[in-house]
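The opening position of the sequence shown corresponds to residue 1 in our numbering, with each subsequent residue numbered one higher.
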Amino acid sequence: MGKILHIISSPRGEASFSTKLGQGIIQKLQATDPQRTVKVHDLTKEPFAHLGQAQLNAFFTRPENRTAENLADIRQSEEAINEVLEADIIVISVPVYNFNIHSTLKAWIDHIVRGGRTIRFGADGTEGLVKNKKVYLAISSKGIYSEGEMKEFDFVEPYLKHVLKFIGITDIEVLRVEGSSLPAAQSIALERTMANFNSR
């Protein structure tokens, strides 16, 4: 059993390769354990506010001193963190835009990386507080970034791995649909990735 949280960050709806890949991963996970439940959070339909002064002031106000206005300003952050903490498995569908993640996903990350909630600062440094989670990164890109001449421009996988490890998540698996803009690869990009995943 377990709870799966699917984070979608592509605005392309059902045409999105990253969304399809994420859904394929979840289908396999449920096939091995039908008792698993799924919660979907589409960041393009329910976007998070980019952090402003109000949110930051509320973050850095001690919990016992927060006003009703402070609590309203961090409501989205609290809900997002609770979703992450309640999940056993997190599937993040990530399209590559201009060598990086979509701004909706960056906004979500900014709401879940918080001192006192998902990270703790101590004498020995920073400790991530989000433990015992499995994350699948379902990354799609029009070009090929996992190898070859474009690999040095892959800022998506290293960034996401680093920020997830920063909050305590170390069990991270990456699956990719690459070359979706290349005529020779487009028709088989998703099928090949899922075939490799399903064969394990």
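Each residue gets a CB set at the ideal place from its N, CA and C atoms; glycine is no exception. As the structure is a prediction and not an experimental result, all values here were calculated from the model.
Legend entry - Secondary structure of residue 16, DSSP reduced to three states: coil
Inset, instruction - Compare the beta carbon distance of residue 81 and residue 119 with 8 Å and say whether it is the shorter of the two. - result: no
Inset, instruction - Look at the alpha carbon of residue 28 and the alpha carbon of residue 95, and state the distance between them as a whole number of angstroms. - result: 21 Å
Inset, instruction - Could you tell me which uninterrupted alpha helix (DSSP H) segments, each at least 4 residues in length, are contained entirely in the segment 39-78, listed from first to last along the chain? - result: 53-59, 68-73
Legend entry - Beta-bridge pairing of residue 6 - partner residues as DSSP gives them: 40, 91
Inset, instruction - Give a yes or no on contact between the segment 9-19 and the segment 36-44, applying the rule of three or more CB pairs nearer than 8 Å. - result: yes
Legend entry - Three-way DSSP call (helix, strand, coil) for residue 132 in this model: coil
Inset, instruction - Would you kindly check if the distance between the Cβ of residue 103 and the Cβ of residue 19 is under 8 Å? - result: no
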